[in-house]
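Student: For the sequence shown, our numbering assigns the number 165 to the initial residue and increments by one for each residue that follows.
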Amino acid sequence: MAYYRSVGEVPKTRHTAFRAPDGSLRYEELMGEEGFSSDSSLLYHSGVPSAIVGSTVWELPDLSTVPNHPLKPRHLKLHDLPAGSNPVEHRRLVLGNADVRISYVVADATSPLYRNAVGDECVYVESGSGTVETVFGVLGYRSGDYVLIPRATTHRWVPAEPSRLYAIEANSHIGPPKRYLSRFGQLLEHAPYCERDLYGPTGTLVSTGSTSEPVTDVEVLVKHRGSGPGGLVGTRLTYATHPFDVVGWDGCLYPYTFNVEDFMPITGKVHQPPPVHQVFEGYNFVVCNFCPRKVDYHPDSIPVPYYHSNVDSDEVMFYVAGDYEARKGSGIGIGSISLHPGGYAHGPQPSSIEASIGAEYFDELAVMVDTFRPLELGEGGRAVEDPAYAWSWAGRGVDSPP
165 MAYYRSVGEV
175 PKTRHTAFRA
185 PDGSLRYEEL
195 MGEEGFSSDS
205 SLLYHSGVPS
215 AIVGSTVWEL
225 PDLSTVPNHP
235 LKPRHLKLHD
245 LPAGSNPVEH
255 RRLVLGNADV
265 RISYVVADAT
275 SPLYRNAVGD
285 ECVYVESGSG
295 TVETVFGVLG
305 YRSGDYVLIP
315 RATTHRWVPA
325 EPSRLYAIEA
335 NSHIGPPKRY
345 LSRFGQLLEH
355 APYCERDLYG
365 PTGTLVSTGS
375 TSEPVTDVEV
385 LVKHRGSGPG
395 GLVGTRLTYA
405 THPFDVVGWD
415 GCLYPYTFNV
425 EDFMPITGKV
435 HQPPPVHQVF
445 EGYNFVVCNF
455 CPRKVDYHPD
465 SIPVPYYHSN
475 VDSDEVMFYV
485 AGDYEARKGS
495 GIGIGSISLH
505 PGGYAHGPQP
515 SSIEASIGAE
525 YFDELAVMVD
535 TFRPLELGEG
545 GRAVEDPAYA
555 WSWAGRGVDS
565 PP
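1) Going by DSSP, which residues form a beta bridge with PHE482?
2) Any idea what DSSP makes of LEU369, helix, strand or coil?
3) Would the stretch 411 to 418 count as touching the stretch 201 to 217 if we require 3 or more Cβ pairs under 8 Å?
4) For LYS342, name the three-state secondary structure that DSSP assigns.
5) How many angstroms separate the CA atom of ASP263 from the CA atom of LYS387?
6) Looking only at its own chain, which residues have a Cβ that is under 8 Å from the Cβ of PHE300, when we skip the five neighbours before and after it?
7) Going by CA-CA distance only, name the one from GLY506, ASP527, PRO514, ASP476 that's closest to LYS236.
8) Could you round the C-beta distance between GLY398 and LEU224 to whole angstroms and report it? I think they count as a contact, below 8 Å.
9) Along the chain, where does the beta strand (DSSP E) containing GLY544 start, and where does it finish?
10) Please name the residue, chosen from HIS435, TYR483, GLY446, ASP487, that lies closest to VAL468 on a Cα-to-Cα basis.
11) Counting pairs of beta carbons, one from the stretch 435 to 455 and one from the stretch 236 to 255, are three or more of them closer than 8 Å?
12) Within 10 angstroms of the Cβ of VAL379, are there 16 or more other Cβ atoms? Answer buried if so, exposed if not.
13) Give the DSSP-derived three-state secondary structure of PRO566 in the structure shown.
14) Under a Cβ-count criterion, where at least 16 other Cβ atoms within 10 Å of its own Cβ denotes burial, should THR177 be classed as buried or exposed?
15) Who are the Cβ neighbours of CYS358 in its own chain at under 7 Å, not counting the five residues just before and after it?
16) In whole angstroms, give me the CA-to-CA distance for VAL475 and SER228.
17) Can the beta-carbon of VAL382 be found less than 7 Å from the beta-carbon of HIS406?
18) Nearest by alpha-carbon distance to ALA273: which of ARG328, SER494, GLU445, PRO438 is it?
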């Protein structure tokens, strides 16, 4: 998404000598995607950004997964996971595949400095507030925010209050759907949000005086590609100088937030399919949000979804707020995840179909991730599964066959 910003001090001409008031040279770093062929930004450091003085193993949390076999829909109750941890080291893996991992954490402590060198992260803030300190500057976050953090951005989470965070970690980049963008990267008129709704850093940590960090021997946790579960491993890199020594940067690659309240739902005369609710996309997956909205205005419309068979995708719904009409009577509630896998026809609870006729407004909020490769269950998801959910359309209970 080519949306240019300039923050702090930058030289008039790129790749030229840029000096501090005492005459010392600033160190220019290009952070770019796709090998100099896509969006990038130039950052200007006081110290050498490559200077490391130590490297040790970081043991990642349990990232193992098991297949959804035998095949069935799943209900995972995320609010049953224990609270009290930091937003990086204590994420619990809920679902994952070779393209994306979905984790959950209830965080009340500041995280270590962290860099995901595998892919972009899109973290949905179910509740809570705080800041994310990054090499680009500070982002404030609040309930309803998506926090988009580009691959290899050094950052840390600083909760101001306990924060429920739903982390979508890609093995690729994440951005607005291409159909919403002009050939130059501007969000188009038919997009359900625009650049005014995106909030990036407004000042560097140096220029705002927001950090008084030590300047030597600073540890950064790095998640990167390797031979561990999911093809991931971790390393603790110790830097000679602090990564937050950036005095300025400019370009089109940086972290930002987007709040779900700024999403403009697209509605129609009859029920609209999920792509109208799409907000972001990555390689082999999409992110949608189902927001409070007016619904269908055909006199005979059925506002809840029709039954549909996932031919090419697994569907994950995270129920955040309101009362999700199609799931009434299923056990789904706030903090629930439903997994409806490819090969299984799913849809509303039977009683909700008739009950929805004549409705003019749905007060519901849910975040959906559709993946085009099968999802497997992580340890966090397995720990909070509702075993009765698969049989809820048939009216059967927990003692039905597994």
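Ideal Cβ positions, reconstructed from N, Cα and C, are used throughout, including at glycine. Note that this is a predicted model, so its numbers are computed, not measured.
Tutor: In brief:
1) ILE501, VAL531
2) helix
3) yes
4) In the structure shown, LYS342 sits in a helix (DSSP, three-state: H, G or I).
5) 15 Å
6) VAL171, SER205, LEU207, THR317, GLY364, PRO365, THR368, VAL410, TRP413, TYR418, PRO419
7) Closest option to LYS236, Cα to Cα, is GLY506.
8) 4 Å
9) Note, GLY544: premise wrong, no beta strand (DSSP E); alpha helix (DSSP H) at 543 to 547.
10) HIS435
11) no
12) That one is exposed.
13) Note on PRO566: pLDDT 40, under 50, position unreliable in the model; no value is reported.
14) exposed
15) LEU351
16) 26 Å
17) Using a Cβ distance threshold of 7 Å, VAL382 and HIS406 count as a contacting pair.
18) When the alpha-carbon of ALA273 is set against those of ARG328, SER494, GLU445, PRO438, the nearest one is in ARG328.
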